[in-house]
Every structure is written in structure tokens, then in C-alpha cells.
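Trainee: Please read through the structure below; I'll follow up with questions.
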Amino acid sequence: MRRAARRRRTRQLEQVFEALKGDHTHPFAHEIYRRVHQRLPRISLATVYRNLHSLVEEGKIRTLLLDGQGARYDPETREYDHFVCERCGRVDDLFLRRARRRIDPISLAKRGYVVTTHNLMVHGMCQGCAARRRLSRPRVRGTQALTRASVWRQQ
896 MRRAARRRRT RQLEQVFEAL KGDHTHPFAH EIYRRVHQRL PRISLATVYR NLHSLVEEGK
956 IRTLLLDGQG ARYDPETREY DHFVCERCGR VDDLFLRRAR RRIDPISLAK RGYVVTTHNL
1016 MVHGMCQGCA ARRRLSRPRV RGTQALTRAS VWRQQ
């Protein structure tokens, strides 16, 4: 009986990892659960969370914590940075070598900090949201543009 439980747990762990491997969307646990549940209908969300935690502890994946969004999971374990769209919540990978050079673990250690990792988050609008915003704005040209002050003066 114990051997069967171990095999099921291993299979579940493998399926959770497979559902995440190669995914660059930084999914939430419930999104990973939906994918795995299609292959393993008896798996629970709690089991997915336990397996994600095990994969993080093993160093196979990492957790990405964003302000107010909860934990996302990332199969990329190299250190790199992220761009977070403030409109749609999309998270893109950034590989910024220059920015990384500015973080000096030695100078931080002299101040008493022990750096284990760092994560730079750049916030703004992704290309898709920026394009939709440009398309939805009416174009106003030259002297016909009304500023808030000119509208108030006209009233």
C-alpha cells in the first residue's frame, strides 16, 4: 500500500512539473491545477500546492511574488528580472545585465545584509495594452487640443 502511495505522489509531482515546464506565463497554482486536473482528475488543489512547494524546495522551480497578486510559479531558475503590466497583469521575463551589475552583494554584506537572491520588477504597460490604448484614444491635433484649464475657462 505504501509503495502505491509513493508512486502516485511521484506521478503527481511529475505532472505538476510537466504542466509548468516550458511555460513562460508565470501561472498561479490554480492555473497549474486546471492543467494537471485534465490528466489526473482525482488530484486536489492542495496536492498541487504541496507539489509546487516541493519543487521550489528542490530548486526545480521558483516562486514569484508580485504585489497583491499572490504567488506565481516560474520554471526558469536562473536569476533574471520581470516586467509587470499594470493593466492586464501579464508578466514578461527580462534579462537585464546592466541592471544586475548595480546590485553589489559585497557592499550589501558590509552593511550586514545577506543576499540570497534578488528580483527587479519593472512596472508599466505591455506592448499589447499600449497598442490598445493608442487605438482607443481619439486623436486631437495642434491648437484644437483642449486642456483641462482651457475647458474650465470656457465654462
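All the letters of the sequence shown, read from the start, carry residue numbers 896 to 1050 under the numbering used here.
Each residue gets a CB set at the ideal place from its N, CA and C atoms; glycine is no exception.
#1: Pull up the distance between the alpha-carbon of I1001 and that of V1009, whole angstroms please.
#2: Going by beta-carbon coordinates alone, are L960 and D969 separated by less than 8 Å?
#3: If you reduce the DSSP assignment to three classes, tell me which class R897 lands in.
#4: Below 8 Å between beta carbons: does that hold for H921 and R957?
#5: Should the segment 941–956 be called in touch with the segment 977–991, which here means at least 3 C-beta pairs below 8 Å?
#6: Given that a residue counts as buried once 16 or more other Cβ atoms are within 10 Å of its Cβ, and exposed if not, what is A1026?
#7: CB F978 to CB G1019, shorter than 8 Å?
#8: According to DSSP, D988 sits in a beta bridge with which residue or residues?
#9: Run through the DSSP bridge pairs and tell me what V967 is partnered with.
Mentor: With the given structure in hand:
#1: C-alpha of I1001 to C-alpha of V1009: approximately 9 Å in a straight line.
#2: Not a contact, by the Cβ cut-off of 8 Å.
#3: Reliability of the predicted coordinates at R897 is poor, the pLDDT of 44 falling under 50, and the value obtained from them is presented with this limitation in mind. DSSP places R897 in helix when its eight states are reduced to three.
#4: Not closer than 8 Å, so no.
#5: Contact fails: fewer than three Cβ-Cβ distances are below 8 Å.
#6: Under this definition A1026 is an exposed residue.
#7: Annotated as proximal: F978 and G1019, with beta-carbon spacing under 8 Å.
#8: When beta bridges are read from the DSSP output, D988 appears opposite H977.
#9: Per the sequence presented here, residue 967 reads as Arg, with Val not at that position. R967 is bridged by DSSP to F923, L959.
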